[in-house]
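Student:
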Amino acid sequence: MRRHLATGLVALGTLAAMYGAAGATTLETVKKNGVVTCAVNGSRPGFSSVDSKGEWNGVDVDTCRALAAAIFGDATKVKFLKTNNQTRLTALQTGEVDVTVANTTWTRARDTDLGVDFVAPTFYDGQGLMVPKALGVKSAKDLDGASVCVRPGSTSERVVADIQTKFNITLKLVVIDDQKEINTAFFGGRCDVAVQSSSGLSSTRAAVAPNPDDYVILPELFGKDPMGPVVRQDDAQWRDIVQWTVFTLFQAEESGITSTNVDEMKAISTDPTVRRLLGVEEAGSKGLGLDPAWAYNVVKQVGNYGEVFERNVGKGSPLKLERGLNAQYTEGGLIYAPPL
Amino acid sequence: MGTLPRSFARPASSPPRRPPADARGVRAFAQAHLFQSPLAGLFTFLLGAVVIVALWHILRWSVVDAVWYAPDNGAACRTATGACWAVIVEKYRVILFGAYPYDQQWRGGLIVAIWLAWGAVSATRLLGVGTRLTGWALVFAASILLLGGGVAGLERVGTDLWGGLPLTFIIFGGTIAGGLPLAILLAIGRRSELPVVRLLCVATIEGVRGIPLLALLFFAALILPLFLPPQLTVDKLIRAEIGMIIFFAAYAAEVVRGGLQAMPEGQDEAAKALGLGYWLRMRKIILPQALAIVVPALFNDIIRAFKNTTFFSILGLFDVLGATKAALQDPNWVRYGTEGYLFVFLLYFIICSAMSLYGGSIERDNQRRVRRAT
Chain P
1 MRRHLATGLV ALGTLAAMYG AAGATTLETV KKNGVVTCAV NGSRPGFSSV DSKGEWNGVD
61 VDTCRALAAA IFGDATKVKF LKTNNQTRLT ALQTGEVDVT VANTTWTRAR DTDLGVDFVA
121 PTFYDGQGLM VPKALGVKSA KDLDGASVCV RPGSTSERVV ADIQTKFNIT LKLVVIDDQK
181 EINTAFFGGR CDVAVQSSSG LSSTRAAVAP NPDDYVILPE LFGKDPMGPV VRQDDAQWRD
241 IVQWTVFTLF QAEESGITST NVDEMKAIST DPTVRRLLGV EEAGSKGLGL DPAWAYNVVK
301 QVGNYGEVFE RNVGKGSPLK LERGLNAQYT EGGLIYAPPL
Chain H
1 MGTLPRSFAR PASSPPRRPP ADARGVRAFA QAHLFQSPLA GLFTFLLGAV VIVALWHILR
61 WSVVDAVWYA PDNGAACRTA TGACWAVIVE KYRVILFGAY PYDQQWRGGL IVAIWLAWGA
121 VSATRLLGVG TRLTGWALVF AASILLLGGG VAGLERVGTD LWGGLPLTFI IFGGTIAGGL
181 PLAILLAIGR RSELPVVRLL CVATIEGVRG IPLLALLFFA ALILPLFLPP QLTVDKLIRA
241 EIGMIIFFAA YAAEVVRGGL QAMPEGQDEA AKALGLGYWL RMRKIILPQA LAIVVPALFN
301 DIIRAFKNTT FFSILGLFDV LGATKAALQD PNWVRYGTEG YLFVFLLYFI ICSAMSLYGG
361 SIERDNQRRV RRAT
């Protein structure tokens, strides 16, 4: 029932967005407001959450901060709106927020049906399955008749449907809205299988499991989960700003520019890529309508992609994720910025 | 003739005697209620044992083995067998004040203190109704000024950062302050003899009661701005608050109508016979009695309105429950959800019970007044 309600609301939002196309561009609106308004999840540690002091942090949060740094030269000029899976895209469609960075997986259906555009994934993930070791399950094929905890409206729900068709097995769905409740249900034995992004699974197992060794993550990865910022599709300039802000984070890491050495690099580097990125040479980004030093501000105030990754989900965080797919393409990952 | 006593009654009252041993005291109570028969005695023993064991386990978990303070991201909690209250110590600022700027959170604390203090003063009922209501209006206005800032050198804080208990109080106060008068008007309107007024009121009440609160808030917060002209920007919090007020009013109106219908016709007719006009009759005769009848049901709605404030998390605001949920996602503390939610449960339980006790005392007051009057 709630899912139908959510679908209805998203549809209504799409309809309203079509009629409500405002005259001002997103950049003008943002500059008028003096802040970038950003929809985030708010309950995904490492991606977007508030710490004990009520401060926002996470990869998604830093993406928003980078945008603020690019537009205003001040990474603090950003307003976060906590959303859930049902409201994150509606808030974007209705103009409540300027950009949604809320662990939203880029799918064809979302991209083409909802009046939104996905730009430059900032995190690549896949869905994994976790089961208690005691079940003796070695592969997803053996799961016939098992009960699965999933979140409504999430990618994992789709993945479960795909697994059933692929292996011709029947799974019993236990639909729970909150990830925390799913964890409680799974570790309490309420369901046999937990489906989540593989990054989520390993952190859940490390942080929540009473005894992490009692659970195995099955070797198969299902689906692809490229997640990143989402914008309304009626504003190409805004889309470019968001996209190239993300690429700036990527390129800075590839070129070895960090928040600590950026001033030095700007002063002495002879590498044309670095000089163009930091605005020393003609950069060819006038179309964005931003200050020439915008990319410098991004790196100076937020850091490069590697810094963002490590402090939020990598070694500097409790999640301790490996770079994996999220390494630079030079290291065998998928993080790749087009040339300047 | 022997002398007959003047009266057969005793010359003086006899000294008071203690009641029979089996009517009072612990032993008597035990005999009458716990050990009337061997079977009852057996059950008392068995259930008593269960209760004692359960109580001991609860006490051991929540107090004896509990960890109250755990630096280094809760290291001490990992090995403890009892509750980890350190999670509350670590997260109480987020739970109580949400994402409100950390160094400004004393403002939120002050608001909570004012509300509790004035609530306690009101509960004693030493002051008149007028004074109490004026006081609440001042408390409400002061809360908004304190939380929003921008006056008296206070830093301005946008409504998107409001959160926690102060936000809950303000939403709740606004809902009751706006909703109760609207409910009374709707109830009176529904019984009006003017067909247009009646139809409008019926349509409002039935229409709003047919929508889930969540959908109403969603509409008010996200969809409504698209249908309004762009120059008319009303803060999202106010839009949602109006939704809350209408929702509360639609339900409370039916409660008030119940009270109006329970009034004997004679009251109205007697007032008419005295030559009182419509509004004077309503204000002085009908409403005071009708509202007194529906106090229990009305408090039901009021308490529900307090709990409905949790729906504001759909607007992206951190209410107490939403903030707790978010705070407990912290990987270092995610195991201690039970403690976190117990804390929120206690918070809601205390506030809601206080309101329910207050409602009860108003009810008893009303009964006394009615008894005096008849």
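Chains as they are written, first to last, in full-length UniProt numbering: chain P, 1 to 340; chain H, 1 to 374.
The C-beta atom is built at its ideal place from N, Cα and C for all residues, glycine as well.
Bear in mind that the values here come from a model prediction, so they are computed numbers and not experimental data.
1) Would PRO45/P count as contacting chain H if we go by Cβ distances under 8 Å?
2) For THR260/P, count neighbouring C-beta atoms within 10 Å of its own C-beta (all shown protein chains included) and say buried if the count is 16 or more, exposed if not.
3) Taking all protein chains shown into account, decide if PHE306/H is buried (16 or more other Cβ within 10 angstroms of its Cβ) or exposed.
4) Entirely within the region 63 to 95 of chain H and at least 4 residues each: give me those alpha helix (DSSP H) ranges in chain order.
5) Under 8 Å Cβ-Cβ, which residues of chain H neighbour SER203/P?
6) Could you check the C-alpha separation between GLY150/H and ILE205/H for me, to the nearest Å?
7) Which whole runs of the alpha helix (DSSP H) in the region 301 to 355 of chain H are 4 residues long or more, in chain order?
8) Among all the DSSP beta bridges, which residues are the ones paired with PHE299/H?
9) Going straight from the alpha carbon of ALA141/H to that of PRO45/P, what length do you get?
10) I'd like to know if LYS77/P contacts chain H, where contact means its C-beta is closer than 8 Å to some C-beta of that chain.
11) Going by C-alpha to C-alpha distance, which of GLY115/P, ARG239/P, THR258/P sits closest to LEU89/P?
12) So LYS180/P contacts chain H; which residues on that side make the cut at Cβ distance below 8 Å?
13) Does TYR305/P come out as helix, strand or coil in the three-state DSSP assignment?
14) Is it buried or exposed, VAL236/P, if we count other Cβ atoms within 10 angstroms and call 16 or more buried?
15) Do ASP60/P and SER52/P come within 8 Å of each other at the CB atom, strictly closer than that value?
16) I'd like to know whether the C-beta of TYR19/P is nearer than 8 Å to at least one C-beta of chain H.
17) Under 8 Å, with one C-beta from each stretch per pair, do the region 311 to 320 of chain H and the region 74 to 87 of chain P reach the 3-pair mark?
18) How many angstroms separate the CA atom of LEU154/H from the CA atom of ASN33/P?
19) Quick check on ASP235/H: does DSSP put it in helix, strand or coil?
20) The alpha helix (DSSP H) with ARG125/H in it runs from where to where?
21) Specify the secondary structure class of TRP56/P as computed by DSSP and reduced to three states.
22) By the 10 Å Cβ neighbour count, where 16 or more other Cβ atoms means buried, how is VAL274/P classified, buried or exposed?
23) Which one of LEU334/P, PRO339/P, PRO338/P has the shortest CA to CA distance from ASP125/P?
24) Does the region 61 to 71 of chain P come into contact with the region 233 to 253 of chain P, if we say contact requires no fewer than three beta-carbon pairs (one atom in each stretch) closer than 8 Å?
25) Using a C-beta cutoff of 8 Å, does GLU322/P count as contacting chain H?
26) What is the rounded straight-line gap between the Cα of LYS236/H and the Cα of ALA262/H?
27) Counting only Cβ pairs nearer than 8 Å, list the residues of chain H close to LYS53/P.
28) Using 8 Å as the limit for Cβ to Cβ distance, is PHE247/H near chain P?
29) Helix, strand or coil for PHE227/H per DSSP?
30) Among VAL131/P, THR25/P, GLU157/P, THR155/P, which one has its Cα closest to the Cα of ASP213/P?
31) At what residues does the alpha helix (DSSP H) containing LYS31/P begin and finish?
32) Under 8 Å, with one C-beta from each stretch per pair, do the region 281 to 298 of chain H and the region 53 to 70 of chain H reach the 3-pair mark?
33) Grab me the residues of THR81/H's own chain with a C-beta within less than 7 Å of its C-beta, minus the 5 sequence neighbours each way, in chain order.
34) So which residues of chain P does PRO229/H contact, with C-beta pairs closer than 7 Å?
35) Excluding sequence positions up to five away, which residues of its chain have a Cβ less than 6 Å from the Cβ of ILE241/P?
36) Indicate the three-state DSSP secondary structure (helix, strand or coil) for GLY163/H in the structure shown.
Tutor: According to the structure data:
1) yes
2) exposed
3) buried
4) 71 to 79
5) PRO331
6) Cα to Cα, the separation comes out at about 38 Å.
7) 320 to 327
8) PHE299/H pairs with nothing; no bridge assigned.
9) 36 Å
10) no
11) GLY115/P
12) Within chain H, the residues whose beta carbon sits less than 8 Å from that of LYS180/P are LYS325, LEU328, GLN329, VAL334, GLY337, listed in sequence order.
13) Residue state for TYR305/P is assigned as helix, using DSSP reduced to three classes.
14) The question names Val, but residue 236/P in the sequence shown is Ala. Exposed, since its Cβ has fewer than 16 Cβ neighbours within 10 Å.
15) no
16) Below a pLDDT of 50, predicted positions are generally treated as unreliable, and TYR19/P, at 47, falls in that range; the measurement from the model is reported next regardless. Cβ-Cβ to chain H under 8 Å: yes for TYR19/P.
17) yes
18) 21 Å
19) DSSP places ASP235/H in coil when its eight states are reduced to three.
20) From DSSP, ARG125/H is part of no alpha helix (DSSP H); its letter is neither H nor E.
21) strand
22) By the 10 Å Cβ count, VAL274/P comes out buried.
23) LEU334/P
24) yes
25) no
26) C-alpha separation (whole angstroms): 39 Å.
27) Result: ARG93, VAL94, TYR102.
28) no
29) helix
30) VAL131/P
31) 26 to 33
32) Contact between the region 281 to 298 of chain H and the region 53 to 70 of chain H is absent: fewer than 3 CB-CB pairs across the two stretches fall below 8 Å.
33) ASP65
34) Going along chain P, no residue has its Cβ under 7 Å from PRO229/H, so there is no contact; the nearest lies around 11 Å.
35) Here the set comprises LEU288.
36) strand
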